[in-house]
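Novice:
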Amino acid sequence: MTAQRGYAGNGERATRIVGLVGNPRAESRTHGLSRSLIRALGRVITGSVTSEVDLTSLAPRVLDPSAEVVSAALEQVQSADILVVASPTYKAAYSGLLKAFLDRFGNRPLVGTAAVPVLLGGAPDHLLAVDVHFTPLLLELGALVPARGLFVLESDVAGFDEFAANWAETHAHLLLAASRAGVSPPVTA
Numbered sequence: 267m268t269a270q271r272g273y274a275g276n277g278e279r280a281t282r283i284v285g286l287v288g289n290p291r292a293e294s295r296t297h298g299l300s301r302s303l304i305r306a307l308g309r310v311i312t313g314s315v316t317s318e319v320d321l322t323s324l325a326p327r328v329l330d331p332s333a334e335v336v337s338a339a340l341e342q343v344q345s346a347d348i349l350v351v352a353s354p355t356y357k358a359a360y361s362g363l364l365k366a367f368l369d370r371f372g373n374r375p376l377v378g379t380a381a382v383p384v385l386l387g388g389a390p391d392h393l394l395a396v397d398v399h400f401t402p403l404l405l406e407l408g409a410l411v412p413a414r415g416l417f418v419l420e421s422d423v424a425g426f427d428e429f430a431a432n433w434a435e436t437h438a439h440l441l442l443a444a445s446r447a448g449v450s451p452p453v454t455a
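In terms of our numbering, the sequence shown opens at residue 267 and continues consecutively.
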């Protein structure tokens, strides 16, 4: 998918839903989870536009501060109203590739962005990783996380489309309200 900017039929700016995928393997199950959730949100949020930033293609350049393609991806992520951030679980946390990409941001670049952290894991042992490690990272960047993060077991991937549709129906209003609030609370020590 490519970045799109658009306007809803009523003249308002369309809600931009961006998927950020931090799996270093191309076309992984993590990619599928992200795409499923942004599609589901796109169906629920009238007039929205969706896009994806796939870090697989950027991996060799993520640490290069002069890489224009990475700068463009950072801008795309920063332009999101709703950001779905998906990663496989590595050592009870998110991928190093995702962390290296997010480390390129300056101070609180995601203020006014509603974020949905999604972790894919092989065992329920890491269930809390999404809320203990992933959500605080997004909050530190200024994003609002109005709903608990999603931890998806590998054994549940096949049924995720239906889950994503139901989750989007239930939570889209929270994400929209957070993104329209436009201000993240200050991070306190």
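Cβ coordinates follow ideal geometry from the N, Cα and C atoms, glycine included.
Quick check: the Cα distance between alanine 444 and arginine 282, rounded to an integer number of angstroms?
Specialist: Position 178 of the sequence shown holds residue 444. Position 16 of the sequence shown holds residue 282. Using only the alpha carbons, I get a separation of about 13 Å.
Novice: Return the CA-CA distance between glycine 308 and arginine 301, expressed in angstroms with no decimal places.
Specialist: Start at 1 with the first residue of the sequence shown, and residue 308 comes out as number 42. Start at 1 with the first residue of the sequence shown, and residue 301 comes out as number 35. So the two alpha carbons sit approximately 10 Å from each other.
Novice: Return the chain-ordered ranges of every alpha helix (DSSP H) run that is complete within the segment 281–314 and spans a minimum of 4 residues.
Specialist: The qualifying runs are 295–310.
Novice: So, for glutamate 278: in the same chain, excluding its five sequence neighbours on each side, which residues have a beta-carbon less than 8 Å away from its beta-carbon?
Specialist: As a first step, residue 278 is located in the sequence shown; it is residue number 12 there, counting from the start. Contacts found: Gly313.
Novice: Looking at the secondary structure, which residues open and close the alpha helix (DSSP H) in which valine 377 lies?
Specialist: Stepping through the sequence shown from its first residue, residue 377 is reached at position 111. No alpha helix (DSSP H) contains valine 377, which DSSP labels as neither H nor E.
Novice: DSSP on glutamate 435, reduced to helix/strand/coil?
Specialist: The residue you call residue 435 lines up with position 169 of the sequence shown. Here glutamate 435 sits in helix by DSSP.
Novice: What first and last residue would you give for the alpha helix (DSSP H) that runs through valine 335?
Specialist: Here residue 335 refers to the residue found at position 69 when the sequence shown is read from its first residue. Where valine 335 is concerned, the enclosing alpha helix (DSSP H) stretches over 334–344.
Novice: Whole angstroms are fine: how far does the CA of glycine 408 sit from the CA of valine 418?
Specialist: As a first step, residue 418 is located in the sequence shown; it is residue number 152 there, counting from the start. As a first step, residue 408 is located in the sequence shown; it is residue number 142 there, counting from the start. C-alpha separation (whole angstroms): 24 Å.
Novice: Just to confirm the assignment, what range does the alpha helix (DSSP H) spanning leucine 368 have?
Specialist: Sequence index remark: in the sequence shown, residue 368 carries index 102 (1-based). It spans 362–368 - the alpha helix (DSSP H) in which leucine 368 sits, taken as one unbroken run.
Novice: Please say whether glycine 288 and phenylalanine 367 have beta carbons closer to each other than 9 Å?
Specialist: Walking along the sequence shown from the start, residue 367 turns up at place 101. Walking along the sequence shown from the start, residue 288 turns up at place 22. Their beta carbons are under 9 Å apart, which means phenylalanine 367 touches glycine 288 by this criterion.
Novice: May I ask which residues mark the beginning and end of the alpha helix (DSSP H) holding proline 402?
Specialist: Within the sequence shown, the letter at position 136 stands for residue 402. Taken as a continuous stretch (DSSP letters only), the alpha helix (DSSP H) holding proline 402 covers 401–406.
Novice: For aspartate 470, name the three-state secondary structure that DSSP assigns.
Specialist: The chain is shown from 267 up to 455; residue 470 falls before or after that span and cannot be answered.
Novice: By the 10 Å Cβ neighbour count, where 16 or more other Cβ atoms means buried, how is histidine 439 classified, buried or exposed?
Specialist: Stepping through the sequence shown from its first residue, residue 439 is reached at position 173. Histidine 439 is exposed by the Cβ-count criterion.
Novice: Measure the Cβ-Cβ separation of alanine 434 and proline 412 and say whether it is below 9 Å.
Specialist: Looking up residue 434 in the sequence shown gives position 168. Looking up residue 412 in the sequence shown gives position 146. Not a contact, by the Cβ cut-off of 9 Å.
Novice: So, using beta-carbon positions, are alanine 306 and aspartate 427 closer together than 9 Å?
Specialist: Residue mapping note: residue 306 aligns to position 40 of the sequence shown, counting from 1. Residue mapping note: residue 427 aligns to position 161 of the sequence shown, counting from 1. The answer is yes: Cβ separation under 9 Å.
Novice: Contact criterion: CB-CB distance below 9 Å. Does threonine 379 meet it with respect to chain B?
Specialist: No chain B is part of this structure, which consists of one protein chain only.
Novice: DSSP three-state label for alanine 352, please.
Specialist: Taking the first residue of the sequence shown as 1, we reach residue 352 at position 86. Reduced to three states, the DSSP call for alanine 352 is strand.
Novice: Rounding to the nearest angstrom, what Cα-Cα distance links threonine 436 and valine 382 in this structure?
Specialist: Taking the first residue of the sequence shown as position 1, residue 436 is located at position 170. Taking the first residue of the sequence shown as position 1, residue 382 is located at position 116. Cα to Cα, the separation comes out at about 13 Å.
Novice: Any idea what DSSP makes of proline 383, helix, strand or coil?
Specialist: As a working note, residue 383 is residue 117 in the sequence shown. Reduced to three states, the DSSP call for proline 383 is strand.
Novice: Distance check for leucine 329 and proline 354, CA to CA, integer angstroms please.
Specialist: Reading the sequence shown from its first residue, position 88 is the one you call residue 354. Reading the sequence shown from its first residue, position 63 is the one you call residue 329. Computed Cα separation, rounded: 20 Å.
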